[in-house]
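Residue numbers (the numbering used here): 22 to 479. For each residue, glycine too, the CB sits at the ideal point set by N, CA and C. Please read these numbers as outputs of a predicted model, since none were measured by experiment. Everything on this sheet refers to the single structure shown next.
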Amino acid sequence: MVSRLKLTACASALCMMLSTPAFAQQSVPEPGTDLVELYTWLHANPELSFKESTSASIMAAELKALGFTVTTGLGDEWTRVKSQRDEGTIREGVGGYGVVGVLENGEGPTVLIRADMDALPVPEQTGLDYASEVVSTTWTGVESPVMHACGHDIHMTSWVGTARELIENKDDWSGTLVMLAQPAEELGLGAKALLEEGLYQDFPLPDYNLALHVSAGTPAGTVSYSSGYALANVDSVDILVKGVGGHGAYPHTTKDPIVIGSSIVMALQTLVSRNVDPQTPAVVTVGSFTAGAKHNIISDGAELLLTVRSYDDATRQLLLDGITRIAKAQAEAFGAPEPEISIDNDYTPSTYNTPALTDKAMTAIRAAIGEDNVSEVTPVMGGEDFSQYGRTEEDVPGLIFWLGAVNPEKFESAQGGPLPLPSLHSPFFAPDAPPTIETGVTSMTAAALALFNETASE
22 MVSRLKLTAC ASALCMMLST PAFAQQSVPE PGTDLVELYT WLHANPELSF
72 KESTSASIMA AELKALGFTV TTGLGDEWTR VKSQRDEGTI REGVGGYGVV
122 GVLENGEGPT VLIRADMDAL PVPEQTGLDY ASEVVSTTWT GVESPVMHAC
172 GHDIHMTSWV GTARELIENK DDWSGTLVML AQPAEELGLG AKALLEEGLY
222 QDFPLPDYNL ALHVSAGTPA GTVSYSSGYA LANVDSVDIL VKGVGGHGAY
272 PHTTKDPIVI GSSIVMALQT LVSRNVDPQT PAVVTVGSFT AGAKHNIISD
322 GAELLLTVRS YDDATRQLLL DGITRIAKAQ AEAFGAPEPE ISIDNDYTPS
372 TYNTPALTDK AMTAIRAAIG EDNVSEVTPV MGGEDFSQYG RTEEDVPGLI
422 FWLGAVNPEK FESAQGGPLP LPSLHSPFFA PDAPPTIETG VTSMTAAALA
472 LFNETASE
């Protein structure tokens, strides 16, 4: 039986704690710290990708206090090699901060529960008393304000609460629990770093992988999910259009890369509208088009930056092949040099929620938080590197579900209102922390218990 979480309603003294500026100034939380206090500290002290040293140490200390065998620094060598190769240097604080906690509790399945730790280079504008004022430098050397604009502070807090609940109730389950705190999800690189440094070889191989992610569009106290494809393949493509520069008054003496690039942009729209099955989701977006520096100069080059989204691998390949074909053909049509096309090898693969696992976990979550608070939703075109854990030869079943994070009153008032709710990655995104954390812990604990106890019930 899962014990009731020690979180109070927001109408109580908890709200007073959340509005106290000194709350965000406390020293690093000790193991056993109240979950909302832990969340508030993490929110006020975010860390960028591959720089999550303090967050990782907090997660590791918590697991050690609960009796886990803990390994830290997983992914460090991979991260440093990549940093040196891609950036020519390893900047201060950059490293691999993966944390793995293992607790064996008798015979049974192995369940891995993952939380991501990194924040974003976003200046916080929530107005919260515990808003982040952190300024840091990304692993590539760009200085920026930092914010937990994607809810990874909620993820870490819910992860800690789940570990506590499962340990407190370990007489009610049997198996091996693996708690994984992952760096660099926002770069789509953290899971890859951990896998390539032996996550599945050096630690118990999971029978199931679980994760959650906050939703900026559903009310706190709810859970939503997709069975099958849940999140998309995410590819980044750079196209360097090569032209022949010259004077803007004599365009006939040039090969204008802006005109060529514009033709490429327009032709790319036919990839989804005329090459992809209308019932198959696909996105090709040109997010950046840069060229030239002055009114009367035709530049000799232009750069297009694309994001490409799909679910199945066949559609992904169709889109990437089509981009290459179209870019080269448009340049040839203008008599221009062949463009340079670069497809990032470190892409984020689509996330597939194993249907049988999803059904089992959602049945347990419905029982824990109420049938009316759980709903199935359509997949989204965002990306999540949690997908990597199911893309290995071990073919481990996985599930990531959405955790509602919006104050219910704000959610209701936003329906049909003039202003939409702040999205993930918005500087205004502020989860309704207490009920979101409580639902996250309750739901993840229920899902894990269902998996641990499936053998006994079958």
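Under 8 Å between C-beta atoms of residue i and residue j
i, j, result
"SER245", "SER396", "yes"
"ALA202", "GLY119", "yes"
"ASP139", "GLU207", "yes"
"SER195", "PHE449", "no"
"ILE364", "VAL258", "yes"
"SER236", "ALA426", "yes"
"LEU95", "LEU220", "yes"
"ALA170", "SER70", "no"
"VAL155", "ASN66", "yes"
"ASP406", "LEU341", "no"
"LEU420", "GLU324", "no"
"SER153", "GLU145", "yes"
"VAL398", "THR183", "no"
"TYR250", "SER371", "yes"
"THR147", "ALA354", "no"
Nearest-angstrom Cα separation, counted from residue j out to residue i
i, j, result
"GLY162", "GLN409", "26 Å"
"TRP423", "LYS213", "22 Å"
"ALA454", "THR178", "10 Å"
"THR331", "THR413", "Residue identity differs from the one stated: residue 331 is Ser in this sequence, not Thr. If I take the Cα positions, the gap works out to 19 Å."
"GLY172", "GLU68", "13 Å"
"LEU326", "VAL305", "11 Å"
"ALA388", "THR457", "17 Å"
"PRO42", "TYR373", "Any answer about PRO42 is weak, because its pLDDT of 37 lies below 50 and its placement is not dependable; what the coordinates show is given next. Straight-line Cα distance between these residues: approximately 41 Å."
"PRO227", "GLY127", "15 Å"
"LEU470", "ASP193", "8 Å"
"GLY438", "ILE175", "27 Å"
"HIS534", "PRO278", "Summary: the structure shown does not reach residue 534, with the chain confined to residues 22 through 479, and so no result is reported for it."
"LEU252", "SER464", "20 Å"
"ALA382", "PRO429", "24 Å"
"TRP160", "PRO418", "32 Å"
"VAL307", "GLU475", "47 Å"
"VAL121", "MET200", "6 Å"
"GLU218", "HIS273", "56 Å"
"ALA2", "THR291", "Limits of the chain in this structure are 22 at one end and 479 at the other, which puts residue 2 out of reach."
"ASP333", "THR345", "19 Å"
"TRP62", "ASP150", "11 Å"
"GLU459", "LEU445", "20 Å"
"GLY238", "HIS316", "43 Å"
"ILE319", "PRO299", "39 Å"
"THR90", "PRO225", "12 Å"
"SER104", "PHE310", "27 Å"
Cross-strand partners of residue i (DSSP beta bridge)
i, result
"GLY362", "Inspection of the sequence shows that residue 362 is occupied by Ile rather than by Gly. Answer is ILE260."
"THR268", "The sequence given here places His at residue 268; Thr does not occur at that position. Bridge partners of HIS268: ILE318."
"TRP423", "HIS234, SER245"
"ARG330", "VAL255, VAL304"
"ILE134", "MET200, LEU231"
"LYS276", "VAL265"
"ASN126", "GLY196"
"TYR250", "TYR373"
"GLU164", "THR158"
"ALA352", "In DSSP, ALA352 forms no bridge with anything."
"PRO50", "Paired residue(s): none; PRO50 is not in a bridge."
"THR90", "VAL123"
"VAL181", "Partner(s): none; VAL181 has no beta bridge."
"SER153", "Paired residue(s): none; SER153 is not in a bridge."
"PRO240", "VAL427"
Residue i versus the options, residue with shortest Cα-Cα distance
i, options, result
"PRO302", "PRO400, PRO360, ASP367", "PRO400"
"GLY356", "ILE281, ASN474, ILE319", "ILE281"
"SER9", "VAL49, THR100, GLN222", "Residue numbering for the chain in the displayed model covers 22 to 479; residue 9 lies beyond these limits and cannot be assessed."
"GLN338", "THR375, LYS381, ALA312, ASN254", "ASN254"
"GLU51", "ASN66, SER70, GLU83", "GLU83"
"THR15", "ASP333, ALA270, LEU198, GLY343", "Because the chain is modelled from 22 through 479, residue 15 falls outside the range shown and cannot be assessed."
"THR6", "LYS381, ALA335, VAL57, ILE79", "Past the edges of the chain, shown from 22 to 479, lies residue 6, and the structure says nothing about it."
"ASN366", "GLY209, VAL121, SER165, THR100", "GLY209"
"ARG295", "TRP160, THR336, LEU124, THR100", "THR336"
"LYS85", "GLY53, HIS64, GLY109", "GLY53"
"LYS191", "LYS349, ALA350, GLY129", "GLY129"
"GLU361", "TRP99, GLY322, PRO376, VAL398", "GLY322"
"TRP99", "THR147, TYR151, VAL123, LEU215", "LEU215"
"MET168", "HIS64, GLU108, LYS103, GLU125", "HIS64"
"ALA350", "VAL57, PRO443, LYS263", "LYS263"
"ALA314", "ILE390, VAL293, GLY266", "GLY266"
Check: residue i C-beta below 7 Å from any heavy atom of the ligand ATP
i, result
"ILE111", "For the ligand ATP, the structure offers nothing, since it holds no ligand at all."
For this session: Would you check if the segment 104 to 115 and the segment 176 to 189 touch, i.e. whether three or more CB-CB distances between them fall below 8 Å?
Result: The segment 176 to 189, when compared against the segment 104 to 115, does not touch it at the 8 Å Cβ threshold.
Exercise. Is the segment 215 to 234 touching the segment 283 to 296 in the sense that three or more CB pairs, one from each, lie closer than 8 Å?
Worked result: Three or more Cβ pairs closer than 8 Å define a contact, and the segment 283 to 296 falls short of that threshold against the segment 215 to 234.
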